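Q: Quick one: the structure is below, and I'll ask about it shortly.
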Amino acid sequence: MHEEKLKQYYDRKHNAEAGGGQDKVESQHSKGKLTARERINLLLDPNSFTEIDKFVTHRGDDPEVKKYYGDGLVTGYGTINGRRVFIYVYDFTVLGGSLGEMAGKKVSKVMSHALKVGCPIIGILDSGGARIQEGVSSLDGYGDIFHKNALASGVIPQITASIGPCAGGAVYSPSMTDFVIMVENIGQMFVTGPEVVKEVLSQEVTFEELGGARTHATKSGVAHFIAKDEVDCMDKIKTLISFLPQNNREEPMILTDNSDDINRADPNLINILPDNPYQSYDMKEIIKSIVDNGNFFEVHELFAENIVVGFARMGGRSVGIIANQPLFLAGALDIHSSNKAARFVRFCDSFNIPIVTLVDTPGYLPGTDQEHNGIIRHGSKLLYAYCEATVPKITCIIGKAYGGAYIAMGSKNLGTDLNIAWPTAEIAVLGPEAAITIIHRKSLKDSPDAATKKKNLAKEYRNKFANPYIAAERGTIDLVIDPMESRGTIINALNALANKRETRPWKKHGNINL
Ligand code: HXC
Numbered sequence: 431m432h433e434e435k436l437k438q439y440y441d442r443k444h445n446a447e448a449g450g451g452q453d454k455v456e457s458q459h460s461k462g463k464l465t466a467r468e469r470i471n472l473l474l475d476p477n478s479f480t481e482i483d484k485f486v487t488h489r490g491d492d493p494e495v496k497k498y499y500g501d502g503l504v505t506g507y508g509t510i511n512g513r514r515v516f517i518y519v520y521d522f523t524v525l526g527g528s529l530g531e532m533a534g535k536k537v538s539k540v541m542s543h544a545l546k547v548g549c550p551i552i553g554i555l556d557s558g559g560a561r562i563q564e565g566v567s568s569l570d571g572y573g574d575i576f577h578k579n580a581l582a583s584g585v586i587p588q589i590t591a592s593i594g595p596c597a598g599g600a601v602y603s604p605s606m607t608d609f610v611i612m613v614e615n616i617g618q619m620f621v622t623g624p625e626v627v628k629e630v631l632s633q634e635v636t637f638e639e640l641g642g643a644r645t646h647a648t649k650s651g652v653a654h655f656i657a658k659d660e661v662d663c664m665d666k667i668k669t670l671i672s673f674l675p676q677n678n679r680e681e682p683m684i685l686t687d688n689s690d691d692i693n694r695a696d697p698n699l700i701n702i703l704p705d706n707p708y709q710s711y712d713m714k715e716i717i718k719s720i721v722d723n724g725n726f727f728e729v730h731e732l733f734a735e736n737i738v739v740g741f742a743r744m745g746g747r748s749v750g751i752i753a754n755q756p757l758f759l760a761g762a763l764d765i766h767s768s769n770k771a772a773r774f775v776r777f778c779d780s781f782n783i784p785i786v787t788l789v790d791t792p793g794y795l796p797g798t799d800q801e802h803n804g805i806i807r808h809g810s811k812l813l814y815a816y817c818e819a820t821v822p823k824i825t826c827i828i829g830k831a832y833g834g835a836y837i838a839m840g841s842k843n844l845g846t847d848l849n850i851a852w853p854t855a856e857i858a859v860l861g862p863e864a865a866i867t868i869i870h871r872k873s874l875k876d877s878p879d880a881a882t883k884k885k886n887l888a889k890e891y892r893n894k895f896a897n898p899y900i901a902a903e904r905g906t907i908d909l910v911i912d913p914m915e916s917r918g919t920i921i922n923a924l925n926a927l928a929n930k931r932e933t934r935p936w937k938k939h940g941n942i943n944l
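This is the structure in structure tokens:
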């Protein structure tokens with residue numbers, strides 16, 4: 431009697447674990463993709479996974495839509511390097527991973543669990559979007575998921591990976607999560623596919639061009655990371671998780687076995703900065719020199735490259751780094767870089783990760799393209815994000831810090847705790863040439879030797895204004911340091927500010943200029 435019941439159970443379990451069946455599994459493999467369960471094995475610690483809702487089936491009334499246990503999704507919980515996470519993984523072998531009513535309920539349920547216990551939630555997407563045959567019930571399923579995404583935002587880290595097509599509703603949920611990873615040549619995200627684009631707009635576009643990993647990592651900014659394959663994708667998720675706390679009430683873990691001397695001084699640091707202020711250099715060299723063991727985990731590496739954001743450890747503590755990148759647009763701030771940095775600042779603030787800002791920017795990028803597309807609206811997000819953030823904030827000005835961009839990049843009056851400057855810092859309302867043109871417009875116009883005069887005036891201006899000492903005299907720069915002391919100074923500041931508590935007036939929520 432018991433044996434029969436056990437047999438029934440194992441038959442059902444076996445059925446559930448077979449997904450869409452052998453031929454669909456082979457088809458999945460032939461597209462260079464792993465199955466949902468193979469993906470889970472790659473992501474989670476061995477034997478740590480518990481599956482829930484394994485026997486859920488759809489309740490649709492279309493007899494042509496076969497019922498599969500699991501309904502195209504594998505959900506549950508497990509651990510990554512010993513840390514608890516909840517996951518939902520779409521199974522493309524079942525009805526193309528499309529989401530119907532019950533699949534929607536499964537995702538919502540596992541998200542609710544993660545929220546209640548305060549653990550990261552990870553979604554792996556490979557889905558044809560709303561299940562067409564289930565109509566409005568599918569759409570409602572997405573509605574529930576979006577609602578949970580918004581509830582979880584800023585409470586638990588939310589990470590999604592796109593490892594296959596993600597169409598229609600399957601793209602909005604990832605974009606409401608904190609980080610999106612796309613696997614190159616496999617992950618695709620689009621609201622409407624190439625066929626609809628052709629039908630409606632008569633435009634020919636491939637899947638890759640429209641919504642491939644590179645498109646979203648370089649152009650739209652939807653993807654924060656590109657992975658070269660599925661193994662790399664799971665490794666990136668594990669690395670990302672290592673910098674984050676479990677939820678917004680916890681601090682990120684401090685690594686106590688940090689092998690990098692906290693006072694390590696790098697006398698070569700200043701030489702990375704060229705003598706000629708018009709020459710560019712790679713800000714990432716400076717970042718790597720000051721963080722623990724040179725390990726910098728860059729976010730949005732290929733999007734808005736004029737600003738660099740990412741995670742590192744300093745003295746074992748997890749930090750979020752935001753830095754201008756003089757290699758692109760001379761490090762000027764534009765629409766995309768403002769959005770990128772503002773979102774990163776807000777993420778760090780939500781999850782108690784201190785913010786370290788490195789500044790070398792000539793200002794906001796001028797021009798009709800930027801103005802007409804809303805640099806005022808987008809640029810102000812960065813100001814808002816820094817002002818709103820209550821985590822420890824440390825800013826170090828390395829080179830140029832002009833005008834609005836000086837203010838936006840974590841200046842003192844936005845509530846930054848410690849503002850440091852190298853002796854090479856240039857802090858002023860405008861760069862020398864622009865300033866001279868404005869304040870000496872008349873005399874330059876009348877001068878027979880305007881070019882030489884302009885050059886001399888610019889030199890004079892640079893000596894007078896473009897240094898850190900006026901700001902240091904006003905107390906908006908707290909410390910001027912020898913660049914080689916940067917690492918030790920920032921780590922000391924992080925330690926000193928570790929117990930920082932700052933409150934804000936009560937509000938329902940702010941109204942950031944979206
Ligand atoms: C039901 C679906 C499906 C869907 C795919 N399938 N998408 N079933 N609803 N949305 C089924 C297919 O019929 C097929 O079933 C199996 O999944 C595999 O699909 P294929 O097309 O054979 O695979 P492939 O060639 O790899 O193409 C994958 C794909 C394509 C690019 C995702 O299937 C596709 O374009 N699907 C439709 C995408 C879409 O428009 N979704 C609706 C979006 S609207 P069989 O039985 O043959 O194996 C939406 C609204 C929500 O999501 C908006 C919320 C804001």
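If you want the working numbering, it's the position in the sequence shown, counting the first as 1, plus 430.
Here a beta-carbon is modelled for each residue, glycine too, at the ideal position from N, C-alpha and C.
Quick caveat: nothing in here was measured; it's all calculated off a predicted structure.
(1) Would residue 856 and residue 897 be called neighbours here (beta carbons separated by less than 8 Å)?
(2) Taking 8 Å as the limit between beta carbons, can you name the residues of its chain near residue 873, skipping five residues before and five after?
(3) Kindly indicate which three-state DSSP category residue 749 falls into: helix, strand or coil?
(4) DSSP three-state call for residue 557: helix, strand or coil?
(5) Using the beta-carbon count (16 or more within 10 Å), is residue 438 buried or exposed?
(6) Any idea what DSSP makes of residue 899, helix, strand or coil?
(7) Starting from residue 592, trace the beta strand (DSSP E) in both directions and tell me its first and last residue.
(8) Within a Cβ cutoff of 6 Å, which residues of the same chain sit near residue 908, ignoring the five residues on either side of it in sequence?
(9) Assuming residue 760 and residue 792 are in contact, meaning their beta carbons sit under 8 Å apart, how far apart are those beta carbons, in whole angstroms?
(10) So residue 787 packs on residue 825, CB below 8 Å; how close in whole Å?
(11) Mind checking who residue 471 pairs with in its DSSP beta bridge?
(12) Report whether the distance from the Cβ of residue 780 to the nearest heavy atom of the ligand HXC is below 7 Å.
(13) As a quick exercise: from 768, 905 and 706, pick the residue whose alpha carbon is nearest that of residue 892.
(14) Would residue 455 and residue 449 qualify as a contact pair, given that the criterion is a beta-carbon distance under 8 Å?
(15) According to DSSP, is residue 549 part of a helix, a strand, or is it coil?
(16) With a Cβ-Cβ cutoff of 8 Å, do residue 502 and residue 527 count as a contact?
(17) Identify whether residue 831 lies in helix, strand or coil by the three-state DSSP scheme.
(18) Which full runs of the alpha helix (DSSP H) of 4+ residues lie inside the stretch 749 to 801, going along the chain?
(19) Taking the alpha-carbon of residue 625 as reference, which of 683, 619 and 636 has the nearest alpha-carbon?
(20) Tell me which residue opens and which closes the alpha helix (DSSP H) that residue 849 is part of.
(21) Kindly provide the ranges of any beta strand (DSSP E) runs that are 3 or more residues long and lie completely inside the stretch 463 to 515, ordered along the chain.
(22) Reducing DSSP to helix, strand and coil, say where residue 814 ends up.
(23) Less than 8 Å between the beta carbons of residue 616 and residue 594, yes or no?
(24) Assuming contact is defined by CB atoms lying nearer than 8 Å, are residue 579 and residue 745 in contact in what I supplied?
(25) In this structure, does DSSP put residue 825 in helix, strand or coil?
(26) Does the CB of residue 729 have a neighbour CB from chain C at under 8 Å?
(27) Taking DSSP as the reference, what is the three-state secondary structure of residue 887?
(28) Following the continuous beta strand (DSSP E) through residue 914, name the residue where it begins and the one where it ends.
(29) The ligand HXC heavy atoms versus the CB of residue 611: any closer than 7 Å?
A: In brief:
(1) yes
(2) 883
(3) strand
(4) strand
(5) exposed
(6) helix
(7) 588 to 597
(8) 848 and 849
(9) 5 Å
(10) 4 Å
(11) Note: residue 471 sits in no beta bridge, so no partner.
(12) no
(13) 706
(14) yes
(15) coil
(16) yes
(17) strand
(18) 765 to 780
(19) 636
(20) No alpha helix (DSSP H) contains residue 849, which is instead part of the beta strand (DSSP E) from 848 to 851.
(21) 480 to 482 and 503 to 510
(22) helix
(23) yes
(24) no
(25) strand
(26) Absent here is chain C; the protein component of the structure consists of one chain.
(27) helix
(28) Counting along the chain, residue 914 falls outside any beta strand (DSSP E), and DSSP gives it neither H nor E.
(29) no
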